[in-house]
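Under numbering that gives the first Met the number 0, the first residue of the sequence shown is numbered 0, with each subsequent residue one higher. For every residue, glycine included, the Cβ atom is placed at its ideal position computed from N, Cα and C. Working notes, beginning with the structure itself.
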Amino acid sequence: MHSVRADFDKRCAEIKDYLDWLDDTESKDHGIPKGLPPTMKAAAMLLLYNLVESTMTNAVEAIFDELQTRKVAFDSLSTCLKVAVLANVKNVAADKLTDKLVAITTDIIGCTFDKAKVFNGNVNSKKIRDKLSEFGIKTTNAYKEERLNAILVARNRLAHGAESFGDYGKDLTAGELIRDYERVSGLLASVLNDVEEFLNQRHYLSAV
């Protein structure tokens, strides 16, 4: 989890610096072209979404890395993890899977995990709750931050060209973006704490 937290902290620092600068441009004349600030504020929504999906994906990957590092056998997994691994199996072509498997009871866990398919660009509060529940992770947060849904909608509209960056960002303020960042980063910090506790206590193992 150390590398996951390090990446999270790095991205948070980058976003905070960017938002602080945007906040400063609202109160001072930096000679920036008039139409640019709205575009830059819209871009901040993509930065926030990137923080959400990357952190969640890295957290899930950390679970599978832990299982591989400890060479946990499939039969030793909790029921939730067994179901998750078997769900991954159906997404892997049989011929590719057999080429990778040496000791099936341990290799099947790592060989079937595909980081690119964990969320597929659609992470909101419900997806976070569902993923944690899927792995049987005990949570210390309700994970019902409504702004995550707004950030996801913004990401999709901007990424798919449904709205221009300038049009989307014209009504945003730096203060609103900073509040969104604080809510999102706080929620993600809770996720990392819950995942770390899950790993430290080895709750991925079946109860004996």
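Status (buried if at least 16 other CB within 10 Å, exposed otherwise) for residue i
i	result
I31	exposed
T172	exposed
R10	buried
S205	exposed
K130	buried
Spatial distance of residue i from residue j (CA atoms)
i	j	result
C79	D23	48 Å
E65	G160	39 Å
A61	K27	43 Å
L187	N123	11 Å
V208	D166	Because the chain in this structure spans residues 0 to 207, residue 208 falls outside the shown range and cannot be described.
S163	A153	11 Å
K114	E25	39 Å
F73	Q67	11 Å
W20	R69	44 Å
L47	N199	28 Å
Close beta carbons around residue i, own chain, < 7 Å, minus the five adjacent residues each side
i	result
N57	V3, D6
L18	A43, A173, L176, I177, Y180
K126	F118
Proximal residues to residue i (C-beta, below 6 Å), its chain only, five neighbours per side dropped
i	result
E133	A83
K169	P37
V194	A58
Presumed contact (8 Å Cβ cut-off) between residue i and residue j, rounded CB distance
i	j	result
L45	L147	The pair is not a contact, with the Cβ atoms about 14 Å apart (cut-off 8 Å).
Same chain only: Cβ atoms within 8 Å of residue i, ignoring 5 sequence neighbours per side
i	result
N87	T111, F112, D113
Any 3 or more C-beta pairs closer than 8 Å across the stretch 34-41 and the stretch 135-147: no
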